[in-house]
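Residue numbers (this note's numbering): 326 to 613.
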């Protein structure tokens, strides 16, 4: 059931993103943007659509938000992969954008995806002006200097420091870098509906941290063909991770505990939240 719904959302969002690209001037920039959006699980889009379903928000209202979240997430990956950042040459099993084109094209494609994401958030299909303003404010907070970008800066600072991060430091970094956008996606349906967000915020906080711990696990145990990106990079660079600090078994125990707490937070929604519970279990079972 979960996989069928994830596949449905992925197809829906990818088709909508492709249509949005068709409305732009065609050329190298748009080609790079479209290429960057290929593949992936569209997990954040799934969170948007399921959060909307929980609150009776129609897919037509949630879809522009799901598209915006994925466009923004893709921009962050394109810039993360640049030589000045993580310097990766493989993403989702394909050459990264700066390898396929150039660093300049990758920077501009990321910039364009970021601004396109905010344009998508203004779609009247989402709701009235007050609803859209509420969403855009929360979105900007999640991905800007107090959220995702701040987390990336903490990551860069940690790599340049002679003192490795401790558990508290890694957690703070990942809550911002990975967790903030996941949290926004999870509460977006409630924000559209003007409903209470606390249960979903707790769920998303635990889910986002478990997601990153499992990424650290996959960096040690994963296979490049399965993950679609280089593995073993963190250990090779001597980078502090949840696995390096907790050990492999300790990291797996921590992520399992977080998922149990994430799913417990969904109790107010009853059976309606079963897809979100299944997603939480999927996050620590995935191979990519």
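By construction, the Cβ of each residue, glycine as well, lies at the ideal position given by its N, Cα and C atoms.
As the structure is a computational prediction, the values presented were derived from the model and not from experiment.
So residue i is in the alpha helix (DSSP H); what residue range does that whole segment cover?
i: residue 404; result: 384-405
i: residue 428; result: 428-445
i: residue 609; result: Note, residue 609: premise wrong, no alpha helix (DSSP H); not H, not E.
i: residue 307; result: Any answer about residue 307 is impossible in this case: the structure gives the chain only from 326 up to 613.
i: residue 463; result: 454-468
i: residue 480; result: 473-485
Give the DSSP-derived three-state secondary structure of residue i in the structure shown.
i: residue 490; result: coil
i: residue 593; result: helix
i: residue 420; result: strand
i: residue 363; result: coil
i: residue 379; result: helix
i: residue 415; result: strand
i: residue 497; result: helix
i: residue 521; result: coil
i: residue 409; result: coil
i: residue 355; result: helix
i: residue 554; result: coil
i: residue 448; result: coil
i: residue 578; result: helix
i: residue 564; result: coil
i: residue 547; result: coil
Are residue i and residue j close, meaning C-beta to C-beta below 8 Å?
i: residue 599; j: residue 535; result: no
i: residue 512; j: residue 493; result: no
i: residue 403; j: residue 434; result: yes
i: residue 393; j: residue 445; result: yes
i: residue 514; j: residue 334; result: no
i: residue 517; j: residue 391; result: no
i: residue 490; j: residue 565; result: yes
i: residue 354; j: residue 430; result: yes
Measuring alpha carbon to alpha carbon, tell me which of the options ends up nearest residue i.
i: residue 395; options: 329, 355, 351 and 506; result: 506
i: residue 408; options: 393, 418 and 427; result: 427
i: residue 605; options: 594, 586, 613 and 597; result: 586
i: residue 359; options: 485, 456 and 348; result: 348
i: residue 578; options: 470, 542 and 339; result: 542
i: residue 550; options: 367, 517, 509 and 612; result: 612
Does the beta carbon of residue i fall short of 7 Å from some heavy atom of the ligand GDP?
i: residue 346; result: The model depicted lacks the ligand GDP and carries no ligand whatsoever.
Worksheet item: If we count Cβ pairs, one from each stretch, closer than 8 Å, do we get three or more for the stretch 487-499 versus the stretch 358-374?
Response: Output reads no: the stretch 358-374 does not touch the stretch 487-499.
Item to complete: Report yes or no: do three or more beta-carbon pairs, one from the stretch 412-419 and one from the stretch 334-354, lie closer than 8 Å?
Response: With a cut-off of 8 Å on Cβ pairs, the stretch 412-419 is not in contact with the stretch 334-354, counting fewer than three such pairs.
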